[in-house]
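Asks: In our numbering, the protein residues as written are 32 to 330.
Yeah, the Cβ is synthetic: ideal placement off N, Cα and C, and Gly gets one too.
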DNA sequence: GCGTCCAGGTCTACC
DNA sequence: GGTAGACCTGGACGC
């Protein structure tokens, strides 16, 4: 089954797929030499699907739903998931208007950069974000792969969905430590999942929250295992760009770009991007990753 | 092949 | 409010 979806004129699938590392973590996957994003999904209705997204025309996406790898009849649900992951319902015209004021950032509007790929659920984004903390990218990939393979639903050979909060909540801390390789993050993942299942935590409401960002930031950092770095990046995937989310890679990259490799404090970096206002987190990220598209993606 | 060391973000205890 | 140490793993390195 093939679905079509019209997209805003400023949308660029290539830029969104490679906006950060999510496209190389399951249940997302990409293909070498093709601008194509695939995903295995367990839909809110319970159906499982596998689909691939391409952009044959500037204002049109094609979604190829593989009928052999899951039920293909969930048309509206699939479209809703794709729109959410690719940030198609969000308006970036204000961001591009601001970016045009800065010669250093005029390229963002010209290339359609800015939409950061996200998962259909905040839960998946949050779990993955915790799995990026205090470890190498290689270990993040191992943890997320294990989560999908051992707790997700199998769709086809080597294709699994991301586990639901319920699926994570029913395993033990020892399982998460040893089988998923989450190590000391295991109690964080377990508490997060169990709080969702018990109804103590409604992460999904963060995407539609009208709370001021600092208030939401406090709520996000209130979840065990989510500190300043993870919270800032989760907020970016919600559409709030007030915080930078500086990690060791960002510090190094900033230092290389602007300080001849000298050590820099986070305060210096924050001051550097402060005048970009509510969009500073997005300017910060696009600035540090601009070279990816000219050289090679690091994930 | 084995042992040691280091990097990485967050939490907790302590000052 | 700031700081030190623990947490855990993979990878780099030396032997």
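Which residue or residues does DSSP assign as beta-bridge partners of residue 80?
Replies: Answer is 72, bridged to residue 80.
Asks: To the nearest angstrom, how far is it from the Cα of residue 93 to the Cα of residue 34?
Replies: Spanning the two alpha carbons is a distance of roughly 6 angstroms.
Asks: Once the 5 residues before and after residue 49 are set aside, which same chain residues still bring their CB inside 6 angstroms of it?
Replies: Contacts found: 328.
Asks: Measuring CA to CA, which of 207, 278, 175 and 37 is closest to residue 156?
Replies: Ranking the options by Cα distance to residue 156, first place goes to 175.
Asks: Please report the straight-line C-alpha distance between residue 205 and residue 186, rounded to a whole angstrom.
Replies: Approximately 26 angstroms, taken between the alpha carbons.
Asks: Exposed or buried, which one is residue 138 when buried takes at least 16 other CB atoms within 10 Å?
Replies: Exposed is the call here.
Asks: For the alpha helix (DSSP H) containing residue 120, list its first residue and its last residue.
Replies: Neither: residue 120 is in no alpha helix (DSSP H) and is coded neither H nor E.
Asks: For a test of the three-state rule: what should DSSP assign to residue 212, helix, strand or coil?
Replies: Coil at residue 212, not helix or strand.
Asks: Does the region 121–140 come into contact with the region 165–184, if we say contact requires no fewer than three beta-carbon pairs (one atom in each stretch) closer than 8 angstroms?
Replies: Counting Cβ pairs under 8 angstroms, fewer than three are found: no touch.
Asks: For residue 114, which of 38, 63 and 85 has the nearest alpha-carbon?
Replies: Answer by Cα proximity: 38.
Asks: Can the beta-carbon of residue 67 be found closer than 8 angstroms to that of residue 85?
Replies: Yes, the Cβ-Cβ distance between residue 67 and residue 85 is below 8 angstroms.
Asks: Considering only C-alpha positions, which residue in the set 270, 201 and 168 is nearest to residue 310?
Replies: Selected option, being the one with the closest Cα: 270.
Asks: If you measure between the beta carbons of residue 247 and residue 237, is that distance less than 8 angstroms?
Replies: Yes. Within cutoff.
Asks: Name the DSSP bridge partner or partners of residue 65?
Replies: 62.
Asks: Please classify residue 262: does DSSP put it in a helix, a strand, or coil?
Replies: Three-state DSSP puts residue 262 in a helix.
Asks: Once you ignore the five residues that flank residue 76 on each side, which residues in its own chain have a CB closer than 7 angstroms to its CB?
Replies: The residues are 105 and 108.
Asks: If you run the structure through DSSP and keep just helix, strand and coil, what is residue 96?
Replies: Strand.
Asks: Going along the chain, which residues of its own chain have a beta-carbon closer than 8 angstroms to the beta-carbon of residue 91, five neighbours each way excluded?
Replies: Counting only Cβ-Cβ distances below 8 angstroms, and skipping sequence neighbours, we find 35, 36, 37 and 38.
Asks: Whole angstroms is fine: what's the gap from residue 306's alpha carbon to residue 213's?
Replies: Rounded to the nearest angstrom, the two C-alpha atoms are 38 angstroms apart.
Asks: How many Å lie between residue 289 and residue 313 at the Cα?
Replies: Taking the straight line from one Cα to the other gives about 18 angstroms.
Asks: Is the CB-CB distance between residue 116 and residue 87 below 8 angstroms?
Replies: Result no, Cβ atoms of residue 116 and residue 87 do not sit closer than 8 angstroms.
Asks: Hey, how far is the Cα of residue 257 from the Cα of residue 304?
Replies: Going by the C-alpha atoms only, they are around 23 angstroms apart.
Asks: What's the call for residue 318, buried or exposed, on a 16-neighbour Cβ count within 10 Å?
Replies: Flag for residue 318 reads buried.
Asks: Could you give the DSSP three-state label for residue 194: helix, strand or coil?
Replies: In the structure shown, residue 194 sits in coil (DSSP, three-state: anything other than H, G, I, E or B).
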